[in-house]
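Student: This is the structure I want to talk about, given as structure tokens.
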Amino acid sequence: MVDREQQAQGFFYRVWRRLSLRGINQRRSLQSLRQALEQEALLAYAAIAAGAHAPKLIATSELGPDAVMLVYEHIGGRTFDSLADEEITDALMHSAWRQVEALQSRRIAHRRLVGDALLVDRSGNIVLTELRGGEIAAGDLVLRMDIAQLLVTLGLRVGAERAVAAAVEVLGPDAVADSLPLLQPIALSRTTRATLRQLARERAKREREAVLAASQAAKEAREAREAAPKDRRTLRAERHAEKNAEKRALDEASEEAREEDLLAQIRRQVLLIRPTAVIEPAKLERLSPRILISWIAGAFAVYLLLSQLTNFNLGDVVSEAQWVWVLVAMFFSATTYIAAAMSLLGFVTEKVSFVRTMIAQIAGNFVKLVAPAAIGGVALNTRFLQRAGVRPGLAVASVGASQLFGLGSHILLLLAFGYLTGTEQTQDISPSRTVIAGLLTVAVLVLVVTAVPVLRKFVSTRVRSLFAGVVPRMLDILQRPRKLVTGIGGMLLLTAANVMCLDASIRAFGGGDKISYASIAVAFLAGNALGSAAPTPGGVGAVEGALITALTIAGLPGDTAFPAVLLFRLMVFWLPVLPGWLAFTYLTRKGEI
1 MVDREQQAQG FFYRVWRRLS LRGINQRRSL QSLRQALEQE ALLAYAAIAA
51 GAHAPKLIAT SELGPDAVML VYEHIGGRTF DSLADEEITD ALMHSAWRQV
101 EALQSRRIAH RRLVGDALLV DRSGNIVLTE LRGGEIAAGD LVLRMDIAQL
151 LVTLGLRVGA ERAVAAAVEV LGPDAVADSL PLLQPIALSR TTRATLRQLA
201 RERAKREREA VLAASQAAKE AREAREAAPK DRRTLRAERH AEKNAEKRAL
251 DEASEEAREE DLLAQIRRQV LLIRPTAVIE PAKLERLSPR ILISWIAGAF
301 AVYLLLSQLT NFNLGDVVSE AQWVWVLVAM FFSATTYIAA AMSLLGFVTE
351 KVSFVRTMIA QIAGNFVKLV APAAIGGVAL NTRFLQRAGV RPGLAVASVG
401 ASQLFGLGSH ILLLLAFGYL TGTEQTQDIS PSRTVIAGLL TVAVLVLVVT
451 AVPVLRKFVS TRVRSLFAGV VPRMLDILQR PRKLVTGIGG MLLLTAANVM
501 CLDASIRAFG GGDKISYASI AVAFLAGNAL GSAAPTPGGV GAVEGALITA
551 LTIAGLPGDT AFPAVLLFRL MVFWLPVLPG WLAFTYLTRK GEI
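Okay, structure coming up:
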């Protein structure tokens, strides 16, 4: 039975596939029940005429305007997915490949060779069902996609070696090798992609557990050795050797736990048979989610910018601003990208281009439009390092170490400048009330987390998984003083450049003598922290409000603080959007993100 509801199921998914894939004919998104009936009947007759095992179509009928009926010969049996692993024999796989061979001899594509579409009858032969999504007079690309799909379907159950061997025995090595460019997730069915993602998560979990186990074993061995009394020089030498040994042990554990994904295993098996086979994935995407998000983000940026500009008179601001200080603010804004590249590369031991890293930091301004600042920057930098040749685990650890050091320096600078603001009005050294309130708030949060078992377990699990990769990377960086100086120097330069940019923005409207550098630094650090925590893209709204409030409390008049903050945000957030989009497009085209 096929009714209107079944016909509409998956409508938006089919529309997206039609838009995003090139060279592949998708089933019509809008199709009448009569057309669906005719297409399924045609495919059923064509499959049987080609010599494939398929249910015989006995009769068809329209049941009014809202449903149609197709009557098939009943075939008793079980689906491929319901079979136990030991029941999947080579003969059964050969039967499946023979059905595909029969279809392809008449250029018929099944388009959904997943486990629930393969029926095993009582005699142990494969019967093809779910033909309604197939294609008559299919092109080479679609026919090769069927081979790739069945390779993965069988490989998920019996492994890559047996799946490839069965395919080669029936179809021949050339036909199997020709399907390798189509062996990519986008060419597979939705259920198969979901299964591969689940397996990838399980592999990543096993790798993390192996690294954690190796780290714990190294820690226990170190504690056991330190228990014995030794002189200071011997102890220092042993600690240095233990750090190197622990790093090597973690790397070895990560390598041993690393597993190839199924697609890579299939490619390797095919290359053993046809070493000259082309494995470069075919370009199937016409419109990728990244491109779509880029255009949506661009439209969103224009909307946000226009909404910000409606809140004040742009003509008055332009006429009142001192353009020398505007240019100074622009200079310090440009300096932040050099500092950001330094702060990232300082925690990467591998060789990565400084220029490309700086371009990636510029691209980060565009990414902030579609994600909160902290999340977008971490994802972009991790992806960039992986594409630059850094292994995924080490790329995550490098970005994590950079973020951890950045968080520590941010807190220390906030406390230091907050302490200085408390001494500006008095002769004695006493911290500001803001610093005291902040410390009390942190203390209360720590007490709450440690007192509630659920929160304590949640935080400890997250921290443990973080330190499993970050701490070894930090130990590695500590043995390279030049890298450490570059990283920490970049963080300090980044903060200083932003503070000077905000100071120049304030001076552009005549407020330079009304507020101290320490107060400006506290305002920036507090606003930046709030912007990172805010769920809005780039912290829009939250950063502006925090900066204006902090500057006003510090003594800067509101009619000066408001345009100064808007100028500052224009320099560090809005003006870099277009260069960020160009940098993002350039790196995407070069395959570097």
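The sequence shown lines up with residues 1 to 593 when you count with my numbering.
Ideal placement from N, C-alpha and C gives every residue a C-beta, glycine not left out.
According to DSSP, is MET1 part of a helix, a strand, or is it coil?
Tutor: In this structure, MET1 counts as coil in the three-state DSSP scheme.
Student: Just grab the DSSP bridge partners of ILE126 for me.
Tutor: Note: ILE126 sits in a beta bridge opposite VAL120.
Student: What's the C-alpha gap between ALA214 and SER179?
Tutor: If I take the Cα positions, the gap works out to 40 Å.
Student: What is the residue span of the alpha helix (DSSP H) that ALA167 lies within?
Tutor: Counting along the chain, the alpha helix (DSSP H) containing ALA167 begins and ends at 160-171.
Student: What distance in whole Å lies between the Cβ atoms of GLU62 and VAL68, which are believed to be in contact at a cut-off of 8 Å?
Tutor: With 8 Å as the limit, VAL68 and GLU62 qualify as a contact, their Cβ atoms being about 5 Å apart.
Student: Secondary structure at GLY377, three-state DSSP: helix, strand or coil?
Tutor: Looking at GLY377 - three-state DSSP - the assignment turns out to be helix.
Student: Which whole-angstrom value is the C-beta distance of LEU525 and LEU404, which I expect to be below 8 Å?
Tutor: Not quite, the Cβ-Cβ distance comes to about 17 Å (not below 8 Å), so this is no contact.
Student: Could you tell me which of TYR337, ILE488, ILE362 and GLY377 sits nearest to HIS410, measuring between CA atoms?
Tutor: When each option's Cα is compared against that of HIS410, the closest is ILE488.
Student: What span of residues does the alpha helix (DSSP H) with MET491 cover, start to end?
Tutor: Its alpha helix (DSSP H) spans residues 481-507.
Student: Whole angstroms are fine: how far does the CA of HIS53 sit from the CA of LYS590?
Tutor: The straight-line gap from Cα to Cα measures roughly 47 Å.
Student: If I'm right that ILE593 touches LEU556 with Cβ under 8 Å, what's the distance once you round it to whole angstroms?
Tutor: In fact, because the Cβ distance is near 39 Å, the residues do not count as touching under 8 Å.
Student: Would GLU130 pass as a contact of ARG112 if the rule is Cβ separation under 8 Å?
Tutor: Contact: yes.
Student: Could you tell me whether the Cβ atoms of PRO181 and VAL328 are closer together than 8 Å?
Tutor: No.
Student: Just the Cα atoms here: how many angstroms apart are ASP476 and ALA401?
Tutor: If you take the alpha carbons of ASP476 and ALA401, they lie about 11 Å apart.
Student: Using CA coordinates, which residue listed in LYS483, ALA561, THR486 and VAL396 is at the minimum distance from ALA204?
Tutor: Selected option, being the one with the closest Cα: VAL396.
Student: In the DSSP assignment, find the alpha helix (DSSP H) that holds GLU38 and state where it starts and stops.
Tutor: That run of the alpha helix (DSSP H) goes 33-49.
Student: Identify which residue in ARG157, ALA96, ARG391 and GLN149 has its Cα closest to the Cα of GLU86.
Tutor: Ranking ARG157, ALA96, ARG391 and GLN149 by Cα distance to GLU86 puts ARG157 first.
Student: Go ahead and pull the three-state DSSP assignment for VAL522.
Tutor: Helix, per DSSP.
Student: Three-state secondary structure (DSSP) at GLY77?
Tutor: It is a strand residue.
Student: Looking at the structure shown, is LEU567 part of a helix, part of a strand, or coil, going by DSSP?
Tutor: Of the three classes helix, strand and coil, the one that applies to LEU567 here is helix, per DSSP.
Student: In terms of alpha-carbon separation, which member of VAL164, GLY346 and TYR337 lies closest to ARG267?
Tutor: Comparing Cα positions, the closest option is VAL164.
Student: Near PRO579, which residues of its chain fall below 6 Å by C-beta distance, leaving aside the five closest residues on each side in sequence?
Tutor: Only ILE362 meet the Cβ criterion.
Student: Straight-line CA distance for GLU202 to SER398?
Tutor: In a straight line, the C-alpha of GLU202 is about 23 Å away from that of SER398.
Student: Excluding the five sequence neighbours on either side, which residues of its own chain have a C-beta within less than 8 Å of the C-beta of LEU271, listed in chain order?
Tutor: Cβ within range, chain order: ALA277 and ILE279.
Student: If we count the other Cβ atoms within 10 Å of its Cβ and call it buried at 16 or more, is GLN104 buried or exposed?
Tutor: That one is buried.
Student: Could you have a look at THR560 and say whether DSSP puts it in helix, strand or coil?
Tutor: Of the three classes helix, strand and coil, the one that applies to THR560 here is helix, per DSSP.
Student: Suppose the cutoff is 6 Å on Cβ atoms and the five residues either side in sequence are ignored; what does the same chain contact list for ILE126 look like?
Tutor: The answer, listed in chain order, is SER95, ALA96, GLN99 and LEU118.
Student: Return the chain-ordered list of same chain residues with a C-beta closer than 7 Å to the C-beta of PRO576, the five sequence neighbours on each side being excluded.
Tutor: Excluding residues within five positions, the ones whose Cβ falls inside 7 Å are ILE362 and ASN365.
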